[in-house]
Amino acid sequence: MQIGFEPKIVFLCPLCQREVEMVYSRSEGWTADHGGCLNFSVIRKAPTISGKEFRTPLVFIDLESDFAVKEAIEGLRPLTSEQGDPSKRGKIEVGIRRLESKIGFAEKKAGELFETIKGGTYGLRIISGRSTGVLVWRGTEKFIGISYGDTQDEEDSLLFTSDGAEAKGFILKWIHYWDDPKLLGKKMLP
148 MQIGFEPKIV
158 FLCPLCQREV
168 EMVYSRSEGW
178 TADHGGCLNF
188 SVIRKAPTIS
198 GKEFRTPLVF
208 IDLESDFAVK
218 EAIEGLRPLT
228 SEQGDPSKRG
238 KIEVGIRRLE
248 SKIGFAEKKA
258 GELFETIKGG
268 TYGLRIISGR
278 STGVLVWRGT
288 EKFIGISYGD
298 TQDEEDSLLF
308 TSDGAEAKGF
318 ILKWIHYWDD
328 PKLLGKKMLP
């Protein structure tokens, strides 16, 4: 193996069953945009808690909360008015429309993706927004969830349970992390 060489990773998408090829780039790391279906990340360094390293799946499904999607849209909107080149402005507008179509996706697919991570082959990376999120995966016997970024509530930043309903509630909590607390409470009720 050459220094700096990273092999590609190829697997089947758990949602559409098409082949996904992940490629390494120095600026972005391992990523794959899977044609409007799912996005994936590779987690090479396992999370640690109190010095204990946890084994994780290699591939995580990225799931952006509505808040994170809206945050990205707000970041792109000013660029359209600043951009003088019509073709570049058009590309930014297409990107905004693509992001707008993702609103509601996390809520709609959370249950199906939870079933996917139960097998332990994939993990789930929820991007809550404001550089905050959580990694959730199925360990040998339990579901494990570890938050990252600037979390506001450290009590709810860890999950270690064999209860599927509790793990599902944890996922929904992080999908709605920055939402109104009253709305969050309603979304977590069965």
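Using the numbering used here, you'd call the opening residue of the sequence shown number 148 and step up by one each time.
Cβ coordinates follow ideal geometry from the N, Cα and C atoms, glycine included.
7 angstroms Cβ cutoff met for residue i and residue j
{"i": "ALA179", "j": "ILE274", "result": "no"}
{"i": "GLU218", "j": "GLY276", "result": "yes"}
{"i": "VAL167", "j": "HIS181", "result": "yes"}
{"i": "GLY280", "j": "TYR269", "result": "no"}
{"i": "LEU185", "j": "LEU159", "result": "no"}
{"i": "PHE317", "j": "LYS289", "result": "no"}
First and last residue of the uninterrupted alpha helix (DSSP H) at residue i
{"i": "ILE286", "result": "For clarity, residue 286 is Gly in the given sequence; the question names Ile instead. First-last for GLY286: undefined, no H or E at that position."}
{"i": "LEU223", "result": "213-229"}
{"i": "SER234", "result": "233-247"}
Of the listed residues the options, nearest to residue i (C-alpha basis)
{"i": "SER188", "options": "GLY316, THR287, LEU282 and PRO233", "result": "LEU282"}
{"i": "LYS192", "options": "GLY251, PHE201, SER304 and LEU306", "result": "PHE201"}
{"i": "ILE243", "options": "SER174, LYS256 and LEU223", "result": "LEU223"}
{"i": "SER212", "options": "LEU226, ARG236, PRO233 and LYS249", "result": "LYS249"}
{"i": "ASP297", "options": "ARG285, SER309, GLY311 and TRP325", "result": "TRP325"}
{"i": "ARG285", "options": "SER278, SER304 and GLY311", "result": "GLY311"}
{"i": "LEU271", "options": "THR287, SER278 and ALA253", "result": "ALA253"}
{"i": "LYS255", "options": "ILE190, HIS323, ASP232 and ARG245", "result": "HIS323"}
{"i": "ARG165", "options": "TRP177, ARG173 and GLY183", "result": "GLY183"}
Status (buried if at least 16 other CB within 10 Å, exposed otherwise) for residue i
{"i": "LYS333", "result": "Confidence at LYS333 is low in this model, with a pLDDT of 45, below 50, so the placement of that residue is unreliable and no value is reported for it."}
{"i": "ALA314", "result": "buried"}
{"i": "LYS320", "result": "buried"}
{"i": "LYS199", "result": "exposed"}
{"i": "THR203", "result": "buried"}
{"i": "PRO154", "result": "exposed"}
{"i": "LEU305", "result": "exposed"}
{"i": "VAL157", "result": "exposed"}
{"i": "GLY251", "result": "exposed"}
Beta strand (DSSP E) segment containing residue i, residue limits
{"i": "GLU305", "result": "The sequence shown places Leu at residue 305, rather than the Glu named in the question. That run of the beta strand (DSSP E) goes 305-308."}
{"i": "SER188", "result": "186-189"}
Cβ-heavy atom distance, residue i to the ligand GDP, below 6 angstroms
{"i": "GLY266", "result": "As for the ligand GDP, it is missing from this structure, which has no ligand bound."}
(request) Take every Cβ of the region 252-272, pair it with every Cβ of the region 205-212, and state whether three or more of those distances are shorter than 8 angstroms. (result) Touching, yes, given that three or more Cβ pairs across the two stretches are closer than 8 angstroms.
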